[in-house]
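Take numbering that gives the first Met the number 0: the final residue in the sequence shown is number 400, and no numbers are missing along the way.
We treat Cβ as the ideally placed atom computed from N, Cα and C, and that holds for glycine.
Notes for the one structure printed next.
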Amino acid sequence: MVSTNYAPEHAGIGPYATQIAEHWAAVGHETHVLAGMPHYPSWTLDPAYAKVWRRTEERAGVVVHRRRHTVPPRQTALRRAAFEASVLAHGLVAPPTMARPHAVLAQMPSLAGGIIGARLAARWRVPYVPVVQDLMGAAAAQSGIAGGDRAAALAARAETYALRRAALVGVIHETFVDKVAAMGVDRGRIRLVPNWSHVTGPSAPRAETRQRLGWSEGETVVLHSGNMGLKQGLEVLVEAARRDPKTRVVLLGDGNQRAHLAELGAGIPNLEFMAPVGDDEFPDTLAAADVLAVTQRASVLDMSVPSKLTSYFAAGRPVVASVAAEGGTAHEVLRSGAGVLVPPEDPDALLAEIRRLGDDPAAAEALGAQGPRHVEAHLTRAAGLARIDALIEEALGGPST
């Protein structure tokens, strides 16, 4: 596997890459991962790797080959290009030393990872299978990153290079299919491999967790978890907190926009920033909120589906999605039955829905209860890993799905 993101990263793509690789190792496959240095979602290098240039380590039976790269604390097109270029250069100059594998899988929000995977597979003459988690060309155009228009064209060319060389292409959502096909990939080689809920359900009583976190029973708590980046458009939650002192808005996690959001929200007493919590605390923290929020800029349509959604559904709380109605995120929220949509970048509309759910606990409970049902029916880890296994098996010449 080639995946820039890997454990100990606990948000975004890292947990999925980790669980796939550890699953392969657990069933007896010799499994190697070419990964970057842990840095996400804070976009700061994990201090444990501060002086590391290259390292090979074993985690849960998986051999992980790490290569140094830049870690831009702020996102611009130029800085993102430097990040990808450093991942690409180091991965190609110092590929893993290992026996010839049966196949190469690449996790692709990373353009560099996609190109490296394609090149390594060609060198070894084995099937190459990328899994598209985000569409980086579309992301550059839609996320609001400085210089995004120029970056979009370059990113699209890199994606096209990587995807056209694949035996099969996995996509995590059906809204990606048209985009991938437009890059010249035959639709007959595209397979749907949705992500799964990589966290367990909550275990502690909600009241107990709220007391530990300092959230009173009388206040409505809306929580956003995960990356605080440009595409999330989290300013809408800061403004919602400013407009309604009775609603506690909690931003849990980290990201390159955290400092900007903290500055924007300075002096708002009901706006709370929480550092990332451990895997053991995470499900209970989500479940302790009254409402779970997913937000995106209005321009974000078909470039990503937030990985946080699978965790939100498992928590059993209602989801309010401030996103474009025609995008993949909106489709997934509505399909789950566990959430509602409001127009993106509209703090008044967001607040109105939060207040409605806060004032009607029975309706909130009924809506939230659909999430675990959706997970059990469609998003279990076993089902997700089976889809990945089937993708690899087919690429190796086994049965088609």
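Quick check on this structure: which residue in the options has the alpha carbon closest to the alpha carbon of residue i?
| i | options | result |
| --- | --- | --- |
| Ala-292 | Ser-298, Glu-280, Ser-321 and Leu-270 | Ser-321 |
| Thr-174 | Pro-343, Glu-325, Asp-347 and Ala-348 | Glu-325 |
| Leu-229 | Pro-126, Thr-159 and Glu-344 | Glu-344 |
| Asp-243 | Leu-366, Ala-59, Thr-43 and Ile-353 | Ile-353 |
| Arg-386 | Arg-122, Val-26, Val-92 and Gly-169 | Gly-169 |
| Ala-161 | Val-319, Ser-109 and Arg-54 | Ser-109 |
| Ala-6 | Tyr-48, Pro-95 and Val-26 | Tyr-48 |
| Asp-347 | His-197, Thr-246 and Phe-272 | Thr-246 |
| Ala-381 | Gly-367, His-197 and Trp-123 | His-197 |
Can you give me the C-alpha to C-alpha distance between residue i and residue j, rounded to a whole angstrom?
| i | j | result |
| --- | --- | --- |
| Gly-112 | Leu-378 | 26 Å |
| Ala-166 | Val-184 | 10 Å |
| Pro-37 | Ala-154 | 23 Å |
| Ala-152 | Gln-132 | 19 Å |
| Ala-139 | Glu-207 | Caution is warranted here: a pLDDT of 47 is assigned to Ala-139, below 50, making its placement in the model unreliable, and the coordinate value is therefore given only provisionally. Their Cα atoms are separated by approximately 42 Å. |
| Ala-274 | Trp-42 | 14 Å |
| His-101 | Glu-364 | 47 Å |
| Arg-205 | Leu-263 | 30 Å |
| His-64 | Gly-370 | 37 Å |
| Glu-8 | Leu-44 | 11 Å |
| Ala-389 | Val-221 | 38 Å |
| Arg-73 | Gly-396 | 43 Å |
What are the residues that DSSP puts in a beta bridge with residue i?
| i | result |
| --- | --- |
| Val-318 | Leu-291 and Gly-338 |
| His-189 | First, the amino acid is wrong: residue 189 is Ile here, not His. In DSSP, Ile-189 forms a bridge with Val-168. |
| Gly-213 | None, per the DSSP bridge assignment. |
| Val-61 | Arg-58 |
| His-68 | Partner(s): none; His-68 has no beta bridge. |
| Leu-251 | Ser-224 and Met-273 |
Please work out which residues of its chain come closer than 6 Å, Cβ to Cβ, to residue i, disregarding the five sequence neighbours upstream and downstream, and give them in chain order.
| i | result |
| --- | --- |
| Ala-240 | Val-248, Ile-267, Asn-269 and Leu-270 |
| Ala-105 | Val-1, Gly-112, Gly-113, Gly-116 and Pro-129 |
| Arg-257 | Met-227 |
| Ala-10 | Pro-40 and Gly-225 |
| Ala-20 | Met-0, Thr-30, Val-32 and Val-61 |
| Thr-199 | Pro-282 |
Which residues in the same chain as residue i place their Cβ atom closer than 8 Å to its Cβ, once the five residues preceding and following it in sequence are excluded?
| i | result |
| --- | --- |
| His-172 | Leu-191, Pro-193, Val-304, Gly-327, His-330 and Glu-331 |
| Val-276 | Leu-251 and Thr-284 |
Examine the ligand FAD and report whether any of its heavy atoms sits within less than 7 Å of the Cβ of residue i.
| i | result |
| --- | --- |
| Trp-52 | Because no ligand of any kind appears in the structure shown, any question about the ligand FAD cannot be addressed here. |
Please work out which residues of its chain come closer than 7 Å, Cβ to Cβ, to residue i, disregarding the five sequence neighbours upstream and downstream, and give them in chain order.
| i | result |
| --- | --- |
| Ala-394 | Ala-102, Pro-126, Val-128, Ala-166 and Leu-167 |
| Gly-13 | Asn-4, Tyr-5, Ala-6 and Tyr-39 |
I'd like to know if the region 273–285 and the region 330–345 are in contact, where contact means that at least 3 CB-CB pairs between them fall below 8 Å. no
Should the region 352–362 be called in touch with the region 304–315, which here means at least 3 C-beta pairs below 8 Å? no
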